[in-house]
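Take a look at the structure below.
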Amino acid sequence: MKNPLDAVKLFLGVVCVVGAFAAAALAPGSGGQSAVPSPVPSPTPATTPAPSPSPTPTPEVTLAFTGDVNFANDWYNMLHYAKTGGVEDCFDPLLLEEMRGADILLSNNEFAFSHRGSPMPGKQFTFCSRPENAAIWQQLGVDIVSLANNHCFDYGADAFADTLTTLSDAGIAYVGAGADLEEAMTPRYFTVDGLTIGFVACTRAEKYILTPEAGEDGPGVLRCYDPELAVQVIEEADSRCDYLVVYVHWGTEYSTQLEQAQTDLATLFAEAGADLIVGSHPHILQGAGWRGDVPVLYSLGNFWFNMETIDSALLTVTLTGPGAENATVRLIPCVQTGGRTSILTDEGEKTRILDHLNAVSESGWFDENGVLHPQKAEN
């Protein structure tokens, strides 16, 4: 070339062209080989099996029931209560433990709570207690009382109204009576450990019918001389709960002989949906019976009523599921004497009471632990 500078320019141009081709050959996606290593696949993580669902725990609900209880002013057992240290001197520690340990405890409130009213004319025995004595129910662990009896109206309409108010203020549910028929027919429900337990109460226990029947606009009790309304209530309650208790005031006082009305009503109530039928009013223990898989305890007798020495009992039911088929019914023999009620610890006395009940029961059998069975187990 004529000009040396032109030769230098030509050389630099050739170098640039060659470099461009080389870079293109090494670029990813080109036909040439790449210096970038092939990707290494990530290792597959180890799988952890899903945990098995925990089994649903079996519920266990304990119900307890007593017979007739009386807190009447200046009545024998209440005079004893006033002279002592309270409920701890009127009930033994074992019995209090059973009562307070129950999830739901029902008793029979056979008196009025009031400072008002006067004894009902024509009645030999009338019972009324100071409203502050409702604290005794709380101290015993009672959750619900039956007012379906022949003494809740002993001091008239005002005292009966005070009774409803007193119980409500104390946090004690009541069943079987009310300010009108609608309330008297209202079942009560408790839900414990996933199970809903219903309670219905009614009465047909007066030689002379003096306690008023609740009406559309009038206070009183739910009667079952004619069982139509009681059956209606039981059928309704059965559809709304897992286990239904019917508590009935019936029978002949101081007799173990069952009335035809008791056995007939037991059949009707079981067919209507009751899972357990418990009776009161005779003031002594009566026997048991069965209607299909429904146990009937015809009378729990006096529980804490006076100073007499008399056989008594606390009834317990352990539920592990809905319905009578998942219930264990047990009678705990007790004695009321001198204004104090205690669980019997003497094996001979316990056996005496259970043997007596087996002898007077229309069906069923109490084993040595007081558990009620439809029939005696074969040896």
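This note's numbering applies: residue -19 is where the sequence shown begins, and numbers increase by one. C-beta: ideal position from N, C-alpha, C; glycine also. Note that the structure is predicted; figures quoted are calculated from it, not measured.
### Query
How about T146 and A181: are their beta carbons less than 8 angstroms apart?
no
### Query
Looking only at C-alpha atoms, which of Y205, D173, A194, G178 sits nearest to Y188?
Y205
### Task
With DSSP collapsed to three states, give me the class of H336.
helix
### Query
What's the C-alpha gap between N129 and F140?
12 angstroms
### Task
Identify the continuous beta strand (DSSP E) that holds T146 and give its terminal residues.
No beta strand (DSSP E) contains T146, which is instead part of the alpha helix (DSSP H) from 136 to 149.
### Query
Counting only runs that start and end within the stretch 139 to 221, where is the beta strand (DSSP E) found for 3 or more residues in a row?
153 to 155, 168 to 172, 175 to 183
### Task
Identify whether H353 lies in helix, strand or coil by the three-state DSSP scheme.
strand
### Message
Between the alpha carbons of T191 and P101, how many angstroms are there, rounded?
### Response
11 angstroms
### Query
Quick one: what's got a C-beta closer than 8 angstroms to V211's C-beta in the same chain, skipping five residues either side?
L248, F249, A252
### Query
Whose CA, out of V228, P73, R80, F283, lies closest to the CA of N57?
F283
### Message
Tell me the DSSP secondary structure of R80 in three-state form.
### Response
helix
### Message
Taking the alpha carbon of G318 as the reference point, which residue from T64, A307, T36, T308 has its own alpha carbon closest?
### Response
T64
### Query
Closest to H131 by CA distance: which of E163, E186, A150, P73 is it?
E186
### Query
Who pairs with I365 in a beta bridge, going by DSSP?
An answer regarding residue 365 cannot be provided, because it is not within the stretch -19 to 359 covered by the chain.
### Task
Output the boundary residues of the alpha helix (DSSP H) element that contains F373.
Residue 373 lies beyond the residue range present for the chain, which begins at -19 and ends at 359; the question has no answer from this structure.
### Task
Output the distance between the C-alpha atoms of G136 and G195, rounded to the nearest integer angstrom.
15 angstroms
#### Entry: Strand pairing of H229, partner residues [DSSP]
T183, S260
### Message
Taking contact to mean 3 or more Cβ pairs, one atom from each stretch, closer than 8 angstroms, check whether the stretch 116 to 126 and the stretch 64 to 75 are in contact.
### Response
yes
### Query
Based on the DSSP secondary-structure assignment, which residues constitute the bridge partners of N282?
D48
### Task
Check whether the stretch 83 to 90 touches the stretch 165 to 181, taking contact to mean three or more Cβ pairs, one atom from each stretch, closer than 8 angstroms.
yes
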